[in-house]
Amino acid sequence: MISLLFLLLGGLGSVLAQDTVLNDSSAINPEPAPAVSAIAEDSQAAEDFVANDDFFGVDDDEDFTDGDLESFDINDPIEPFNRGMFWFNDKLYFYLLKPIARGYRVVPEPARQSVANFFSNLGTPVRFVSSVLQLKFTDAGTELGRLVVNSTVGIAGLFDPAKKYLGWRKKDEDLGQTFGNYGVGSGFYIVWPLLGPSSVRDTVGMVGDYFLDPLHYAGMKPMERVALKGLEMETKLSLDKDTYEGIKRQALDPYLYIRTTYAQHREGKIKK
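With mature numbering (1 follows the signal peptide of the UniProt record, and there is no 0) applied, the sequence shown corresponds to residues -17 to -1, 1 to 255, in that order.
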């Protein structure tokens, strides 16, 4: 996953939308590992990384789908292009994004978590509209309640009292999942530069998500949006426990592992 300044460089700007340098580049060489069905020693940690990191186009604090990695995959007719983009994003991650994130860790974690909460609160319109379109009215009500509570009691979303005191967890929904809920197939796999893994369906959904982003209507200059998206990505990377590095060490083919895990994640969300 979002992973991309915020793999991005802020999703390179949401329009630019919505994986530390290792001391020696040889440290990222993959070690011998089992084949694709058991590529990671700790598959749950890897799944959580995909689910939480914008490199994978996702922002979620819930576990996702159970089951075998082999049960999910996605058509990949442009694999040479995708592998090239994967290589580019990988180098960007190790040589720019993660070093910045490690430096950012001098800021106390509670402060960084508050920044992450603020941006998560801004993502409410995407989750709310997507829930309504899928007729998930309880989830939509939860998102609306979270917005009200966290924007007021939580001081503009810097804190998450809705989750801490009321048990209202964020509902991870987006327009790509909405299309999938109505039977639209994923289409083929795409790895976008800066934005990371996606599919034809999720790319179209990402465009719709962009127009639901409040920052789109804030009258900001493009570079101001890029800066904010960059801050969002770096904040999330600074809170991550170097899970992507673990995937690189454990996976026989990190590209295949991430492709399969991405497909599993998205299908699992649609089926919820």
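A virtual CB, placed ideally from N, CA and C, is assigned to each residue, including glycine.
Since the structure is predicted, the reported quantities are computational estimates derived from the model, not experimental observations.
Evaluate residue i with the Cβ neighbour count: other Cβ atoms within 10 Å of its Cβ, from every protein chain shown; 16 or more gives buried, anything less gives exposed.
i, result
"Trp70", "exposed"
"Pro205", "exposed"
"Lys212", "buried"
"Ala234", "buried"
"Arg110", "buried"
"Arg184", "buried"
"Met203", "exposed"
"Gly194", "One detail in the question is off: residue 194 reads as Phe in this sequence, not Gly. Exposed: under 16 other Cβ atoms inside 10 Å."
"Ser107", "Inspection of the sequence shows that residue 107 is occupied by Thr rather than by Ser. Looking at its Cβ environment, which holds 16 or more other Cβ atoms inside 10 Å, Thr107 is buried."
"Lys252", "buried"
"Thr161", "buried"
"Gly128", "exposed"
"Pro180", "buried"
"Thr218", "buried"
"Glu207", "exposed"
"Glu215", "buried"
"Phe77", "buried"
"Ala84", "buried"
"Pro93", "exposed"
"residue 257", "The structure shown has nothing for residue 257, since the chain only spans -17 to 255."
"Phe120", "exposed"
"Ala99", "buried"
"Gly140", "buried"
Compute the Euclidean distance between the alpha carbons of residue i and residue j, then round it to the nearest angstrom.
i, j, result
"Thr135", "Arg152", "17 Å"
"Gln117", "Met189", "17 Å"
"Leu178", "Thr186", "10 Å"
"Asp155", "Met68", "26 Å"
"Asp143", "Pro237", "34 Å"
"Lys255", "Phe64", "32 Å"
"Arg95", "Arg249", "27 Å"
"Tyr240", "Ser221", "23 Å"
"Asn72", "Arg66", "10 Å"
"Glu24", "Glu228", "Summary for Glu24: the model assigns pLDDT 44, below 50, so the residue's position carries little reliability; its value from the coordinates is reported in the next sentence. Roughly 13 Å separates the two Cα atoms."
"Asp56", "Ser182", "12 Å"
"Gln81", "Tyr200", "This sequence places Lys at residue 81; Gln is not what is there. Taking the straight line joining both Cα atoms gives about 30 Å."
"Thr125", "Pro91", "30 Å"
"Lys231", "Asn58", "23 Å"
"Leu149", "Asn104", "16 Å"
"Ser114", "Ala123", "5 Å"
"Lys74", "Phe102", "26 Å"
"Pro15", "Asp225", "Residue placement at Pro15 is flagged as unreliable, the pLDDT there being 39, under the threshold of 50; a coordinate-derived value is accordingly withheld."
"residue 262", "Tyr87", "Residue 262 cannot be examined here, being either before or after the span of the chain that is shown, -17 to 255."
"Leu198", "Gly191", "14 Å"
"Ala210", "Ser97", "17 Å"
"Asp157", "Lys146", "20 Å"
"Pro176", "Pro60", "17 Å"
"Glu62", "Asp223", "28 Å"
"Gly137", "Val112", "22 Å"
"Leu79", "Asp196", "26 Å"
Considering only DSSP beta bridges, list what residue i is partnered with.
i, result
"Ser221", "Beta-bridge pairing links Ser221 to no other residue."
"Ile173", "Ser181"
Got a sec: does the ligand GDP put a non-hydrogen atom nearer than 7 Å to the Cβ of residue i?
i, result
"Ala246", "In terms of ligand content, the structure shown is empty, and the ligand GDP therefore cannot be addressed."
Measure from the C-beta of residue i to each C-beta in chain D and report whether the shortest distance is under 8 Å.
i, result
"His248", "Of the protein chains in the structure, only one exists, and it is not chain D."
Run through the stretch 79 to 156 for me and flag every whole alpha helix (DSSP H) of 4 or more residues, listed as ranges in chain order.
-> 81 to 87, 92 to 105, 107 to 116, 120 to 135 and 144 to 149
Would you be able to state if there are at least three C-beta pairs under 8 Å between the stretch 163 to 174 and the stretch 238 to 252?
-> yes
Taking three-plus beta-carbon pairs below 8 Å as touching, is the stretch 159 to 166 in contact with the stretch 127 to 146?
-> no
Segments of 4+ residues assigned as alpha helix (DSSP H) that fall wholly inside the stretch 187 to 231 | 205 to 222
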